[in-house]
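What follows is a short report on a single structure.
If you want it as structure tokens, here you go:
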């Protein structure tokens, strides 16, 4: 029963003899004899104290045939196998279901339409808001609206002419007025008397009468901005007289006074002739300790395009206007506040020949600095004014001479510094802080953050302030000598 001898005639592949002879399976190419395969490697003993983390299940991987040294498959967490990506995996159906649900919700939101839709013909679009002081301490609210559908005027509606809605038939400009103890009460009275829905989402300008500005406007403006339709970046201005009279003015350039005034204020701010003050900035300056707001003041002007012009700057203490600075003092205050006010400045030259220079100021930089130890601090306001010679009225003076230009700059610095210092002292006598001296003092002395606002205001008023002006003439021209 051993190996076949030389005379053995058994067929190849037959093992054994007699009845016990069996046919051996053929050996495939590239494999070894099963009888000669090496024994599988023994599993290494697990180190003491090492345990498989919970939720992790070891998955054995079949070794490919002919690769006895193939490494086993690494352990895969059960949670990871349950959420395997792919539509065919265990978690594929769940992910597809979530995506379908999210898509369904998005489609439902988009195709639902506007639930509170209102036709534009049934809506009164407000372009201008006016606040005035009424008798008895009440508030007079004026709204300049445009009604696209245009119907006959109702009680409480006044136009440019009695009983009409504008200068000619077919115009849709009207001014609604309402009186109440608060802005909300006055607005509710107007809503009750008007057939249209009053919409405040397109307000272009907010005007405050001079009497109301001197009384205090914080409460009324806060109630106004509480309306969700009102934007916080609406320009704010104070008008001489009543705001209602300005809104009812006839503007030849535009159909509504509010639209013309908004463009006028934007142009003044862009060219540096007025400060950029909106509802948000005004309320922020009033609520922040250490600084007071400054607002543009508009009034009737003769010889202007629409009969209205910039009259100056209103200096506020908290929310009450204390005084109106007229030009050119208003320009110097804007320079001290850091506003790049472009203007022309006459510089007298005390030479043998009478005359002077006209400087075109094109850049102003203002910096407020507080230095010194506690108890002996001093504030310094430094202005850098840059300009160019626009006109030369002094004959016989050579501007190309460095000594002459140095003498002109020195005189201009001294004269301009005296003017700016006078305006700053005037604002401080009003107990107003448009420069933000109190805010800078809080930065220098952090202990003032825990003190009440009156203490901070007293400390800012007692702080000495010195004004320094540096004038630099950049260009003198090619033909000016």
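Residue numbers (our numbering): -17 to 463.
From the three backbone atoms N, C-alpha and C, an ideal C-beta is built for every residue, glycine too.
Source: prediction; values computed, not measured.
{"Asked": "Beta-ladder partner(s) of residue 368, from DSSP", "Found": "345 and 454"}
{"Asked": "DSSP state of residue 373 mapped onto helix, strand, coil", "Found": "strand"}
{"Asked": "Any non-hydrogen atom of the ligand SAM within 7 angstroms of residue 177 CB", "Found": "Of the ligands one can find in the structure shown there are none, so the ligand SAM has no counterpart to examine."}
{"Asked": "Cut-off 7 angstroms between Cβ atoms - residues of its own chain near residue 195, not counting five sequence neighbours on either side", "Found": "220, 296 and 303"}
{"Asked": "At least three beta-carbon pairs within less than 8 angstroms, the region 264 to 277 to the region 232 to 239", "Found": "no"}
{"Asked": "For residue 178, the three-state DSSP class (helix, strand or coil)", "Found": "coil"}
{"Asked": "Cβ shell of residue 405 (< 8 angstroms), same chain only, five flanking positions each side left out", "Found": "307, 311, 314, 315 and 318"}
{"Asked": "Beta-ladder partner(s) of residue 266, from DSSP", "Found": "None, per the DSSP bridge assignment."}
{"Asked": "Rounded distance between the beta-carbons of residue 398 and residue 451, thought under 8 angstroms", "Found": "5 angstroms"}
{"Asked": "Check whether residue 163 and residue 214 have beta carbons under 8 angstroms apart", "Found": "no"}
{"Asked": "Three-state class that DSSP yields for residue 199 in the structure shown", "Found": "coil"}
{"Asked": "Rounded straight-line distance, which links the Cα of residue 339 to that of residue 445", "Found": "36 angstroms"}
{"Asked": "Every unbroken beta strand (DSSP E) within the region 389 to 414, with a cutoff of 3 residues, ordered by chain", "Found": "none"}
{"Asked": "When 161, 441 and 342 are compared against residue 119, the one with the closest alpha-carbon", "Found": "161"}
{"Asked": "Backbone secondary structure at residue 448 - three-state DSSP", "Found": "strand"}
{"Asked": "DSSP three-state assignment for residue 421, whether helix, strand or coil", "Found": "helix"}
{"Asked": "Reduced DSSP secondary structure (H/G/I, E/B, other) of residue 135", "Found": "Note that residue 135 has pLDDT 43, beneath the 50 cutoff, so the model's placement of it is unreliable and no number is given."}
{"Asked": "Cβ contact (3+ pairs, closer than 8 angstroms) linking the region 185 to 200 and the region 108 to 118", "Found": "yes"}
{"Asked": "Residue of 428, 423 and 436 minimising C-alpha distance to residue 413", "Found": "436"}
{"Asked": "Residue range of the unbroken beta strand (DSSP E) whose run includes residue 277", "Found": "276 to 282"}
{"Asked": "Alpha carbon of residue 454 to alpha carbon of residue 197, nearest angstrom", "Found": "43 angstroms"}
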